[in-house]
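Below: one structure, written as structure tokens.
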Amino acid sequence: MELDLECVASFLILCEEEHFGRAATRLHLTSPALSKRLQRLEHQIGARLIDRGPTGTTALTAAGWQFAGHATAVMDQARAAQAAARAAAHTPIRAVVRIGVPGIISAQPMTRSLTGPIQALRRRIPGVEIHCIGVPYGSTLDCLLNDMVDILWSPTEIAHPALESRPLGTVMRVGVVPDRHPLAEAGAVNVEDFAGLPLLHHGAVPLSLMSAGWLADVRPLAQARLVPCDAQSVSALRQEILRGQGVAVMPLPLGLEAGAGLQTITLHEVPVTQIYAVYRRADKGPLIQEVLRLLQAITSPGGFPHLDTPLPTSCAGATRLPATHLMT
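What the sequence shown shows, in our numbering, is residues 1148 to 1475, in sequence order.
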């Protein structure tokens, strides 16, 4: 099977930018040249991957979502093979440990938040490559069970007979709303009020895996107003919020990168939530256990500032608004 990795890499950049012009600029190409790469890739795959809007905006087709979920892993494996070949004469590579990050197709935004821990792992385990791999929301469990990643960075504990969850540290949560939402100017609200808003939820993901996102620790599921959506990534989820389909709760590092047209909302009195490393119960080898042990050490309160980023001073207070002002 022929698969042009340059075209695959260009496709992933297009997924991140969601606009032909911006993606072409980033790739130092013209828009027509990028279009030709996409057409070549679609011909190789045998399916249309992207719908293009009149202003150059893009939307993934169903085939595009499926391909994007695997394409990052393909590119990571290709880069790992290239790095291994280049380094073989100098530093023998013991192994590659793949850390999956849900909802980040490219894994780049979360990689920025994990820069410190990942660099610490590389320093403390010489010769081991640590790769961050994006995992579509709908493939959270499959990525581990099908050996696509070795460790999953999870906002909740996962109960599965083949998997084990190890607590790492805590993270604050924030709300994300469109700029036109009544809460956008307030900047902060009591979490009980935010919990009454329509919250976006991917129907293919078990509710237990997204409990931190639908505020299960604030009110029961029966009182939650969950709005089904098909977003497989944080980027796609942001687009749903921009379209006014609902609002979302995100870990603070992702919420602070909400993007144009969106506003991060401080949730007053929201409980902190645990971050877990989930791995296959059968992986008892020394390397995975060593990585897990170091992850626990470097994500302690004093060693993982990315998850304990202070809130902006402008969001220090919280406004409790009447329920009629919170409805969308």
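Glycine included, C-beta positions come from ideal geometry on N, C-alpha and C.
For a quick check, are the C-beta atoms of residue i and residue j less than 8 angstroms apart?
i        : j        : result
Thr-1479 : Gly-1281 : The question about residue 1479 has no answer here: the residues shown for the chain are numbered 1148 through 1475.
Val-1296 : Val-1275 : no
Ala-1395 : Leu-1346 : yes
Met-1222 : Leu-1299 : no
Gly-1334 : Cys-1290 : no
Gly-1125 : Val-1417 : Outside the modelled stretch of the chain, which goes from 1148 to 1475, sits residue 1125, for which no answer is possible.
Cys-1154 : Arg-1184 : yes
Ile-1272 : Glu-1437 : yes
Leu-1318 : Pro-1375 : Residue 1318 is actually Val in this sequence, not Leu. Result no, Cβ atoms of Val-1318 and Pro-1375 do not sit closer than 8 angstroms.
Trp-1361 : Ala-1369 : no
Leu-1152 : Ala-1170 : no
Ala-1359 : Pro-1302 : yes
Phe-1167 : Ser-1178 : yes
Leu-1439 : Arg-1313 : yes
Sort the options by Cα distance to residue i and report the nearest one.
i        : options                                   : result
Leu-1310 : Asp-1340, Gly-1402, Tyr-1423 and Cys-1376 : Tyr-1423
Ala-1209 : Gln-1379, Ala-1407, Leu-1401 and Arg-1390 : Gln-1379
Arg-1366 : Leu-1403, Pro-1308, Gly-1350 and Val-1338 : Val-1338
Ser-1286 : Gly-1316, Ile-1277, Ala-1232 and Gly-1350 : Gly-1350
His-1190 : Thr-1177, Glu-1332, Ala-1306 and Leu-1150 : Leu-1150
Glu-1164 : Gly-1203, Ala-1180 and Pro-1179           : Gly-1203
His-1278 : Leu-1288, Ala-1267 and Tyr-1284           : Ala-1267
Leu-1315 : Leu-1207, Leu-1442 and Val-1352           : Leu-1442
Gly-1408 : Ala-1180, Ala-1331 and Ala-1232           : Ala-1331
Tyr-1426 : His-1348, His-1328 and Glu-1304           : Glu-1304
Asn-1293 : Ala-1156, His-1217 and Leu-1152           : His-1217
Thr-1420 : Gly-1393, Asp-1364 and Pro-1400           : Asp-1364
Arg-1327 : Phe-1341, Leu-1389, Arg-1269 and Arg-1199 : Leu-1389
Which class does residue i belong to by DSSP, given the choice of helix, strand or coil?
i        : result
Val-1419 : coil
Leu-1185 : helix
Ser-1358 : coil
Leu-1442 : helix
Glu-1311 : strand
Ser-1447 : In this prediction, Ser-1447 has a pLDDT of 47, which is less than 50 and means its spatial position is unreliable; nothing more can be read from the coordinates.
Gln-1410 : strand
Ser-1382 : helix
Gly-1274 : coil
Ala-1351 : coil
Pro-1367 : coil
Ile-1435 : helix
Arg-1427 : strand
Met-1397 : strand
Arg-1226 : helix
Count the C-beta pairs between the stretch 1209 to 1226 and the stretch 1180 to 1197 that are closer than 8 angstroms, then say yes if the count reaches three, no if not. yes
Cβ contact check for the stretch 1404 to 1413 and the stretch 1312 to 1322: 3 or more pairs under 8 angstroms: yes
Can you find at least 3 beta carbon pairs, one from the stretch 1380 to 1390 and one from the stretch 1432 to 1441, that sit closer than 8 angstroms? no
Could you give the uninterrupted runs of the beta strand (DSSP E) lying entirely in the stretch 1150 to 1211, keeping only those of 3 residues or more? 1197 to 1199 and 1205 to 1207
Whole beta strand (DSSP E) runs in the stretch 1325 to 1349 with 3 or more residues, listed along the chain? 1335 to 1337 and 1345 to 1349
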